[in-house]
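Going down the list, the protein sequences come from chains A and B.
The first sequence begins at 0 in numbering that gives the first Met the number 0 and counts up one residue at a time.
The second sequence begins at 0 in numbering that gives the first Met the number 0 and counts up one residue at a time.
Data block below; observations after.
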Amino acid sequence: MNHLPLRSLTGIANVRRPTQRALAKQRTREKILASAKSLFTEKGYEGATIRDIASAAGMSTGAVFASFTDKSDLFNEIIGADRESLFEAMRAEAVGANAEEALKAMFDAGYRFTLADLPLLQATMSVSWSPDLGAQVRGRLNRRPITELIAEVLTSSIERGELSRDTDVGLISQMLWDCYLANFRHAAFEGWGLSELRAQLGKQIQVILAGARAG
Amino acid sequence: MAVLGVREAQKLATRRRVLDAASDLFNEIGFEDATVRAIANRAGVSVGSVFTTFTSKADILNQVMQDRLEALYEEAGRFIPLMRGSTADRCRSLFAVLYAFETRRVKLFLAHIAVAYRWDMEPTARPFGANQVFRDLMAQWLKEGVERGDLRPDIDIPAVIDLLLGLYAWNYRLAPAENADAERLTQVMDQQIGMVFEGLRPQT
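What follows is the structure in structure tokens.
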């Protein structure tokens with residue numbers, strides 16, 4: 000293309016190096032996010048106050064409110080970023096000779112990622128089931144729907160001819176994801192680690208895939 | 000029966016009032032928003048007296064759900080002896096009864112699931128999914144299915160029960176998201192149970 004519309008030229012002209020002020024603001028934001036994440040992890044959503052978060056970050060509550068509108072805004076930012084990382088970690092491992100192997104590898108990566116910070120998951124689950132705040136949280140988490148990753152694995156398995164063309168990909172993806180999440184209850188309350196979670200989910204994946212092949 | 004002293008009787012009455020108020024409030028505004036102060040106000044008691052019989056808000060919810068269980072067992076107890084047919088069909092009937100019961104106070108039940116993931120649960124609390132009565136019942140049906148040769152002999156019964164209970168619980172996300180009623184939830188669960196039990200059939 001030989002010429003650019005005027006609007007984009009103006010856009011280019013406006014690109015400047017961030018000012019000191021903008022950089023300082025960004026650093027403040029990151030500091031707040033880091034201390035909020037550790038407090039939510041330690042005390043849960045309800046237990047962590049803006050005052051605690053501010054003092055852990057070494058600033059005033061006013062400075063926190065200059066960067067975030069309220070506690071739920073902060074929380075949503077943190078779990079949104081966490082979900083992005085989970086999505087990437089799972090996507091990177093979603094490979095295998097067949098659907099079962101790819102799913103196992105992918106969910107294994109998910110369990111490993113989340114077990115490293117289980118209390119944050121507990122806080123997220125707890126909030127996501129609450130009626131009002133839950134809607135915001137669910138909306139944020141659904142920007143990176145892991146069910147779509149699962150659906151991709153199933154679709155390529157259909158293309159390879161392992162599963163039939165009329166497999167209900169949506170239903171099965173949701174079932175696998177629900178089952179993966181529900182198993183965390185054992186990690187939270189019965190001290191299950193990676194190997195127990197992996198073994199249990201492995202059996203459940205086999206059942207669901209056998210059902211998919213038969214259905 | 001021992002006669003209760005005035006103090007004990009008062010304490011029990013307070014406890015009852017707190018549980019009723021909490022049950023209503025959890026169902027109306029959810030667990031996070033229902034503060035202990037709001038529960039105390041609604042019950043017409045002081046915050047301090049709430050803490051003389053309960054250790055925390057999660058403890059109150061735990062007791063509310065325990066009390067509800069009795070009503071649920073009574074309701075389920077009428078249906079369970081009538082449940083016939085394959086293991087899959089019995090499970091379908093059981094979950095239909097559970098959805099019909101819980102959707103009457105759906106926010107209360109959502110709070111119950113939410114609290115099942117809290118980090119600060121008391122050791123005495125019974126999180127969602129640990130209900131031994133329904134687990135035992137399903138285990139019995141699954142064993143019978145294996146004995147009849149309808150189901151694969153090598154199934155891991157606790158893992159299958161966890162799978163079914165996980166699907167059952169996670170379907171509740173459709174309640175706030177899509178305003179799903181008991182009928183809709185049952186319909187989704189029926190389909191999922193169909194898929195699971197296809198997968199449990201003996202390999203041919």
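The C-beta atom is built at its ideal place from N, Cα and C for all residues, glycine as well.
Let me make sure I understand the geometry here. Which of the options has the alpha-carbon closest to that of residue i?
| i | options | result |
| --- | --- | --- |
| Ala134 (chain A) | B:Asp149, B:Asn178, B:Leu166 | B:Asn178 |
| Ala181 (chain A) | B:Ile192, B:Trp169, B:Gly84 | B:Trp169 |
| Asp180 (chain B) | B:Ala95, B:Ala75, B:Val63 | B:Ala95 |
| Pro157 (chain B) | B:Gly148, B:Asn130, B:Pro80, B:Glu182 | B:Asn130 |
| Arg41 (chain B) | B:Ser55, B:Leu3, B:Leu18 | B:Leu18 |
| Ile149 (chain A) | A:Leu120, A:Arg139, A:Val168, A:Gly43 | A:Val168 |
| Asn141 (chain A) | B:Ala176, B:Phe108, B:Glu69 | B:Ala176 |
| Phe108 (chain B) | B:Met137, B:Tyr171, B:Asp135, B:Leu164 | B:Tyr171 |
| Ala211 (chain A) | A:Ile52, A:Ala187, A:Thr166, A:Thr68 | A:Thr166 |
| Ala33 (chain B) | A:Asp177, A:Leu132, A:Lys202 | A:Leu132 |
| Arg82 (chain A) | A:Ala186, A:Met124, A:Leu22 | A:Met124 |
| Glu189 (chain A) | A:Gly57, A:Leu117, A:Arg28 | A:Leu117 |
| Glu76 (chain A) | A:Arg28, A:Leu196, A:Gln19, A:Thr113 | A:Arg28 |
| Val113 (chain A) | A:Glu45, A:Arg143, A:Leu85 | In the sequence on display, residue 113 (chain A) carries Thr and not Val. Looking at the Cα atoms, A:Leu85 is the closest of the given residues. |
| Met58 (chain A) | A:Glu87, A:Ser34, A:Ala187 | A:Ser34 |
| Ser71 (chain A) | A:Asn97, A:Ser127, A:Lys103, A:Arg111 | A:Ser127 |
| Gln65 (chain B) | B:Leu166, B:Val132, B:Leu3, B:Gly4 | B:Val132 |
| Glu69 (chain B) | B:Gln190, B:Asp58, B:Leu97 | B:Leu97 |
| Gln202 (chain B) | A:Ser194, A:Glu195, A:Ala213 | A:Ala213 |
Taking the CB atoms as reference points, tell me whether residue i and residue j lie closer together than 8 angstroms.
| i | j | result |
| --- | --- | --- |
| Val195 (chain B) | Leu173 (chain B) | no |
| Ala65 (chain A) | Leu38 (chain A) | no |
| Leu162 (chain A) | Ile204 (chain A) | no |
| Tyr91 (chain B) | Ile160 (chain B) | Per the sequence shown, residue 91 (chain B) should be read as Arg rather than Tyr. Cβ distance not < 8 angstroms, so Arg91 (chain B) and Ile160 (chain B) don't count as in contact. |
| Leu120 (chain A) | Phe74 (chain A) | no |
| Thr13 (chain B) | Thr52 (chain B) | yes |
| Leu150 (chain B) | Arg200 (chain B) | yes |
| Val60 (chain A) | Ile49 (chain A) | According to the sequence provided, residue 60 (chain A) is Thr. The question's Val does not apply to it. Yes. |
| Gly148 (chain B) | Ala209 (chain A) | no |
| Ile157 (chain A) | Ile207 (chain A) | no |
| Asp155 (chain B) | Lys202 (chain A) | yes |
| Trp140 (chain B) | Arg89 (chain B) | yes |
| Gly43 (chain A) | Ala122 (chain A) | yes |
| Leu166 (chain B) | Asp51 (chain A) | no |
| Ala53 (chain A) | Ala62 (chain A) | yes |
| Leu22 (chain A) | Arg111 (chain A) | no |
What residue range is occupied by the uninterrupted alpha helix (DSSP H) comprising residue i?
| i | result |
| --- | --- |
| Gly144 (chain B) | 131-147 |
| Met64 (chain B) | 56-78 |
| Met89 (chain A) | 70-92 |
| Val114 (chain B) | 105-114 |
| Pro175 (chain B) | 173-177 |
| Pro118 (chain A) | 117-127 |
| Gln190 (chain B) | 181-199 |
| Ser155 (chain A) | 145-158 |
| Ile156 (chain B) | 156-169 |
| Gln173 (chain A) | 168-181 |
| Glu31 (chain B) | Here Glu31 (chain B) belongs to no alpha helix (DSSP H), and DSSP marks it neither H nor E. |
| Met82 (chain B) | First-last for Met82 (chain B): undefined, no H or E at that position. |
| Gln202 (chain B) | No alpha helix (DSSP H) contains Gln202 (chain B), which DSSP labels as neither H nor E. |
| Phe50 (chain B) | 46-52 |
| Ala47 (chain A) | Run containing Ala47 (chain A): none; DSSP gives neither H nor E here. |
| Asp107 (chain A) | 98-114 |
| Gly210 (chain A) | 193-213 |
Just to confirm my understanding: we take residue i, look at its own chain, exclude 5 residues before and 5 after, and list those with CB closer than 8 angstroms. What are they?
| i | result |
| --- | --- |
| Leu60 (chain B) | Ala21, Phe25, Phe30, Ala110, His111, Val114 |
| Pro17 (chain A) | Gln25 |
| Gln173 (chain A) | Thr146 |
| Leu136 (chain B) | Ile79, Leu93 |
| Lys103 (chain A) | Gly95, Arg197, Leu200, Gly201, Ile204 |
| Arg16 (chain B) | Ala42, Gly43, Val44 |
For residue i, collect the residues of the same chain with a Cβ closer than 7 angstroms to its Cβ; drop the 5 residues on either side in sequence, then sort them by chain order.
| i | result |
| --- | --- |
| Leu100 (chain B) | Note that residue 100 (chain B) is Phe in the sequence shown here, rather than Leu. Counting only Cβ-Cβ distances below 7 angstroms, and skipping sequence neighbours, we find Leu71, Glu74. |
| Phe106 (chain A) | Tyr179, Leu200 |
| Pro4 (chain A) | Caution applies to Pro4 (chain A), whose pLDDT of 49 falls short of 50 and renders its modelled position unreliable; the value that the coordinates give is listed next. Within the same chain, Pro4 (chain A) has no close Cβ partners at all. |
| Met89 (chain A) | Met105, Ala108, Gly109, Ile145, Leu148 |
| Ala101 (chain A) | Ala93, Val94, Gly95, Val152 |
| Ala39 (chain B) | Ser45, Val46, Val49 |
| Val35 (chain B) | Val46, Val49, Lys56 |
| Lys30 (chain A) | Ala56 |
| Arg143 (chain A) | Arg82, Glu83, Phe86 |
| Leu32 (chain A) | Glu76, Ile77 |
| Asp189 (chain B) | Arg91 |
Only counting the same chain, and skipping five residues up and downstream in sequence, which positions put a Cβ closer than 6 angstroms to that of residue i?
| i | result |
| --- | --- |
| Ala198 (chain A) | none |
| Val145 (chain B) | Pro152 |
| Gly79 (chain A) | Arg139 |
| Met0 (chain A) | Unreliable positioning characterises Met0 (chain A) in this predicted model, as indicated by a pLDDT of 43, which lies under 50. The coordinate reading is nonetheless provided below. Cβ neighbours of Met0 (chain A) beyond the five flanking positions: none. |
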